């Protein structure tokens with residue numbers, strides 16, 4: 314395929330290795346993803362609680 318495009322197979326291989334290396338998240342990126350997922354879970358729980366509170370307060374007062 315590389316030769317059909319006028320490229321050296323070694324160059325294509327180097328590009329492929331570079332692309333794969335950049336596609337794998339670094340340790341710092343993995344840590345940030347883990348932290349963001351935990352924060353998202355917490356915020357979703359808060360949202361669900363607030364939805365319930367709004368539902369309770371939106372009900373008409375009992376006589």
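Numbering (our numbering), first residue to last: 314 to 376. The C-beta atom is built at its ideal place from N, Cα and C for all residues, glycine as well. It should be emphasised that the depicted structure is a prediction, and the values quoted were computed from it without experimental measurement.
Item: C-alpha gap between residue 353 and residue 330, whole angstroms; Value: 33 Å
Item: Where residue 324 falls: helix, strand or coil (DSSP); Value: helix
Item: Integer Cβ distance of residue 332 from residue 322, believed to fall under 8 Å; Value: The pair is not a contact, with the Cβ atoms about 15 Å apart (cut-off 8 Å).
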